[in-house]
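Peer 1: Numbering-wise (my numbering), the sequence shown opens with residue 5 and increments by one.
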Amino acid sequence: MELEDLMNESIKIMENDFYSKKFYFSYSSLNRLMWNPQSFYQTYVLGQREEKTDAHLVNGKIIHALLLEPEKFANNFVISPDNLPTGNSRTVVDRVFAHHQELAKSGDERVLLSEFADAVLDVMRDMNYYQNLKTDQQRLDKILTNEMEGYWNFLRTKGSKTLIDQQSYEFCKTAVDIIKTDNAICDLIGCNLTDFSNKQVFNEIPLECEIRDKAFGIKGIIDNVVIDHDKQEIVINDIKTTSKDLKDFPESVDYYNYWLQSAIYSTIITIKFLNLIDSGYALKFNFLVIDRNYQVYPFTVSQQTLENWIQKFTEVLEKANWHYINKNYTLPYDFAVGKVVL
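(1) With DSSP as the reference, identify every bridge partner of D232, one or two as the case may be.
(2) Look at L159 and F101 and say whether their C-beta atoms are less than 7 Å apart.
(3) When you compare only the Cα positions, how much space is there between L167 and F81?
(4) So, A267 versus W313, is the Cβ gap smaller than 7 Å?
(5) What number of angstroms, rounded off, separates the C-alpha of L278 from the C-alpha of I238?
(6) Of the choices L292, N63, T271, D191, whose alpha-carbon is the least far from that of S247?
(7) Do you know offhand how far P74's Cα is from M152's?
(8) In chain order, what are the residue ranges of uninterrupted alpha helix (DSSP H) at least 4 long that sit wholly in the stretch 268 to 344?
(9) From this set, V293, Q265, Y155, G342, which residue's C-alpha is nearest S32's C-alpha?
(10) Alpha carbon to alpha carbon, how far is A219 from V229?
(11) Excluding sequence positions up to five away, which residues of its chain have a Cβ less than 7 Å from the Cβ of E311?
(12) So, helix, strand or coil for P85, using DSSP?
(13) Looking at the strands, I want to know which residues DSSP matches up with G221.
(14) Count the other CB atoms within 10 Å of the CB of M128; is the residue buried (16 or more) or exposed (fewer)?
(15) I'd like to know whether the C-beta atoms of I243 and D227 end up nearer to each other than 7 Å.
(16) With a threshold of 6 Å on Cβ separation, who are the neighbours of F291 within its own chain once the five nearest residues in sequence on each side are excluded?
(17) Our contact map puts N202 next to D234 with C-beta atoms below 8 Å; I'd like the distance itself, whole angstroms only.
(18) I183 bridges to which residues according to DSSP?
(19) For F29, tell me which candidate among K138, G91, G221 has the shortest Cα-Cα distance.
(20) Taking S84 as the reference, which of Y298, G163, N196 has the closest Cα?
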């Protein structure tokens with residue numbers, strides 16, 4: 005069988021696997037489908053996931069953990085020591101360690117860096133690193149040092165935890181401390197509840213729901229939901245960090261399609277707590293934004309705006325359904341069906 009035939013067969017297997025299970029769109033996957041269907045196809049259908057390491061995304065996760073689930077922080081993050089190695093030697097060890105992790109899944113029991121000498125040499129060769137030295141042992145001596153063995157052991161201890169630097173941690177810790185001293189914000193997210201508070205608070209809750217007449221569903225991990233039984237309100241709070249100023253956030257809502265995230269979360273919560281909604285509870289949505297200057301502000305979404313966003317969301321679902329049913333991921337919907345004219 006020719007290489008092209010093998011690749012086509014492999015793609016067909018991955019496509020069949022994707023469609024064999026019900027898919028639940030998140031904000032990120034649905035936003036990607038609308039923006040670049042081919043990227044959605046590569047990432048979600050073929051499973052070629054990419055690791056996101058943008059600083060504002062990492063900071064957002066840190067603040068979520070410190071503010072909403074502090075007891076889980078140590079399980080998900082590790083602060084980088086000041087003396088971690090840098091440069092090409094670290095890159096070599098990082099790549100070999102990734103190789104070690106893959107082999108460990110298949111039962112490989114090697115744990116020491118020195119036990120991966122062949123892999124080290126292969127990586128050094130690929131990087132053209134120290135190839136001017138005459139022997140392999142001389143090359144290995146540049147990597148198999150006490151410093152690099154220590155770094156290797158650090159990677160093994162770190163495991164799957166996200167590595168963050170001290171500066172990022174301090175920024176996020178300061179932001180969380182500021183939030184906790186703001187009584188209005190704490191009341192909003194329910195971090196100052198007493199035994200007499202007639203509220204329920206849910207943090208970092210993964211939820212999914214079905215969509216009527218659609219072959220797929222929607223899902224999301226919602227930062228914070230506060231149900232105030234006295235006021236008969238269900239309040240969704242989505243926490244955002246930004247490298248810009250507070251005044252610029254409304255532009256980000258359109259640029260990053262945060263309105264779509266709001267509509268998805270509001271729909272999921274409405275279905276999840278339909279009994280309360282039907283009994284008269286009002287649904288509210290806030291973006292709790294922390295800017296680069298530690299300024300914190302809850303941007304309330306008006307009921308009219310939220311209704312408009314949910315209406316736009318139904319239109320997005322119809323476009324997603326077209327892509328999903330037709331298995332067509334060549335162009336964004338409007339282009340694919342020839343609706344765009346000049």
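Positions of the beta carbon are idealized from the N, C-alpha and C atoms, including for glycine.
Peer 2: If we stick to the structure as given:
(1) K203, E237
(2) yes
(3) 6 Å
(4) yes
(5) 11 Å
(6) N63
(7) 32 Å
(8) 278 to 282, 307 to 330, 337 to 340
(9) Q265
(10) 28 Å
(11) none
(12) coil
(13) Y28, E214
(14) buried
(15) yes
(16) D242, K244, F303
(17) 5 Å
(18) Partner(s): none; I183 has no beta bridge.
(19) G221
(20) G163
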